[in-house]
Amino acid sequence: MTKRDHLPGKLKPISLKGLPNGWHADGGNLYLFVRGNSRNWIFRYVAPDGTRRNMSLGPLRGLTLARARDVARELVIKVKDPVNPIDPMREAQSKRQEEKATEEFKRTFKQCADAFIESKRHGWKNAKHASQWEATLNTYVYPKIGSMAVNEIDTPHIVSVLEPIWHVKSETASRVRSRMENIISWATVSKFREGENPARWRGHLDHIFPPVRKVTAVKHHPALPYHRLPEFITILRKRAGMGARALEFTILTAARSGEVRGATWDEINLNQGTWTIPGSRMKTGKEHRVPLTDAAIELLQALPRVAKNPLVFPGSKNGAPMSDMSLTAVLRRIGEQEITVHGFRSTFRDWSAEQTTYPREACELCLAHTVGDAVERAYRRGDLFDLRKQLMADWASFCSSSNRDINCTHRKN
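Residue numbers (our numbering): 613 to 1025.
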């Protein structure tokens, strides 16, 4: 073998596609192996341990002759390094394994949560337990840390989830913390993260948050717990008067009191089942479509219409809108001294988060809340009306039920 045989340059680009089956040496340890229509670059070498190896560099269609020569030249340098010779195949295999391990290690919190719930699903006595877990995670946790690699989650991330709700919904916040702790513990045991659990309570978060039993809830709008709502609705429907009907309509639509008290008949379309509130009457300044359930439509159809008065719920004085105290007075006469009318919106939100699996976006849009940043809103062209209609129908069914645990169309079994 001449010195020329060790140098690249024997093969010509123009002839590569016409070569017959077999090994075709270019020099410099580089070969083109041809079998039928397959043409692959092979780097042939002797490993540091004396083993002869053939290392595939890839097909001809993806690697030009010039590039294949460059790769082979770099590999020759590694193999023949007098101080630290390297076996390229072993190195490549090790790199692939390392990349795979790194990819496995970077599981997101949501991926771990899904796997944890699935592992527990058949062991939970209540089949709806999984749905409740998913609902609270969707509402409070995933928007903050769902897409984060679970091995990167630390105490500040956990605090960012809990801080907005610890003093307002302390019982819910406590459940959220416990569920995050369980999921992160599972991730640690599954080798997806290392170190202490940032969601642990004792000796850690108990230095940041007060115990739930000592929390003095900051409630700007004290709300009726949703498990008491069906009984409350039953009592409310036995009361006569425009104030009682306005309060019931407020609950069924999850609307603000002012939006209901200012509602006019020309905003209502009973045939289409919609209530379109103009932007001038909305807190956001934007028009809002409210889906009307059968219960809401029946309520409206039973209302008396006052001649020449456009208001759906006129007050008692000269047909003017009823005051904000009119609905509160109904609550007080029923015996509810602490809760507020506005609090029923929180009741709806708690119920939709903990008892259904509707997307957070749909739940927030039912409350006419602004969802997402400017870019997200630009891409979301619709208002999820059909999905919200389904959600509000489930809400109305829950309000009317004597059994608190009704079946929702968006409940996972």
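C-beta atoms are modelled at their ideal positions from N, C-alpha and C, and glycine is treated no differently.
Query - Nearest-angstrom Cα separation, counted from L749 out to S938 - result: 37 Å
Query raised in the report: Can W887 and V902 be called in contact, C-beta distance under 7 Å?
Result: yes
Query raised in the report: Taking all protein chains shown into account, do 16 or more other C-beta atoms lie within 10 angstroms of the C-beta of S964, making it buried, or fewer, making it exposed?
Result: buried
Report task. Buried or exposed for P926, please, with buried defined as at least 16 other CB atoms from any protein chain shown within 10 angstroms of its CB. Result -> buried
Report task. Mark L882 as exposed unless 16 or more other C-beta atoms lie within 10 angstroms of its C-beta, in which case mark it buried. Result -> exposed
Query raised in the report: Does the distance from the CB of N809 to the CB of I796 come in under 7 Å?
Result: yes
Report task. Grab the span of the alpha helix (DSSP H) containing F861 for me, first residue to last. Result -> M854 to T865
**Report entry** Nearest-angstrom Cα separation, counted from P834 out to E950
**Finding:** 7 Å
Requested in this report: Taking 8 Å as the threshold, find out whether the segment 946–960 comes into contact with the segment 863–880 through three or more Cβ pairs.
Outcome: yes
Query raised in the report: What runs of the beta strand (DSSP E), each 3 residues or longer, lie entirely inside the segment 769–854?
Result: none
Query raised in the report: Using CA coordinates, which residue listed in S1012, F1010 and L979 is at the minimum distance from R1000?
Result: L979
Requested in this report: Compute the Euclidean distance between the alpha carbons of T846 and S1012, then round it to the nearest angstrom.
Outcome: 7 Å
Query raised in the report: Taking contact to mean at least 3 C-beta pairs separated by less than 8 Å, is the segment 851–860 in contact with the segment 914–925?
Result: yes
Query - C-alpha distance - I777 paired with R789, whole-angstrom precision - result: 11 Å
Query raised in the report: Sorted by chain position, which residues of the same chain lie with C-beta nearer than 7 Å to N666's C-beta, five sequence neighbours on each side aside?
Result: I654 and R656
Query raised in the report: Taking all protein chains shown into account, do 16 or more other C-beta atoms lie within 10 angstroms of the C-beta of N649, making it buried, or fewer, making it exposed?
Result: exposed
Query raised in the report: With a Cβ-Cβ cutoff of 7 Å, do V827 and H779 count as a contact?
Result: yes
Query raised in the report: CB W745 to CB I729, shorter than 7 Å?
Result: yes
Query - Residues bridged to P632 (per DSSP) - result: In the DSSP output, where bridge partners are listed per residue, P632 has none listed.
Query raised in the report: Is DSSP giving N921 helix, strand or coil here?
Result: coil
Query raised in the report: Regarding L939 and the ligand MG, is the C-beta to nearest heavy atom distance less than 6 Å?
Result: This structure lacks the ligand MG, and indeed carries no ligand of any kind.
Requested in this report: Give the DSSP-derived three-state secondary structure of Y991 in the structure shown.
Outcome: Note that Y991 scores a pLDDT of 41, beneath 50, so its modelled location is shaky; the value from the coordinates is reported in the next line. Note: Y991 maps to helix in three-state DSSP.
Query raised in the report: Which of the three DSSP states, helix, strand or coil, is assigned to S1009?
Result: helix
Query raised in the report: From A852 to N930, what distance separates their C-alpha atoms?
Result: 20 Å
Query raised in the report: Cβ atoms of G639 and G621: under 7 Å apart, would you say?
Result: yes
Query - Endpoints, the alpha helix (DSSP H) within which G955 is located - result: G955 to Q967
Report task. Would you list, in sequence order, the uninterrupted alpha helix (DSSP H) runs of no fewer than 4 residues that lie entirely inside the segment 870–942? Result -> 906–913
Query raised in the report: By a C-beta neighbour count over all protein chains shown, 10 Å radius and 16 as the cutoff for buried, is A919 buried or exposed?
Result: exposed
Query raised in the report: What residues in its chain sit with their C-beta under 7 Å from that of A742, if we drop five residues either side in the sequence?
Result: I729, R733, W736 and K1024
Requested in this report: Indicate whether A747 and T952 have their beta-carbon atoms separated by less than 7 Å.
Outcome: no
Query raised in the report: Nearest CA to the CA of T751: which residue from V773, V762 and T663?
Result: V773
Query raised in the report: What residues match up with R647 in a beta bridge as DSSP calls it?
Result: S650
Requested in this report: State buried or exposed for S759, treating a residue as buried only when at least 16 other CB atoms are found within 10 Å of its CB.
Outcome: exposed
Query raised in the report: Tell me which same chain residues have a C-beta within less than 7 Å of the C-beta of G874, skipping the five on either side of it?
Result: R893 and P933
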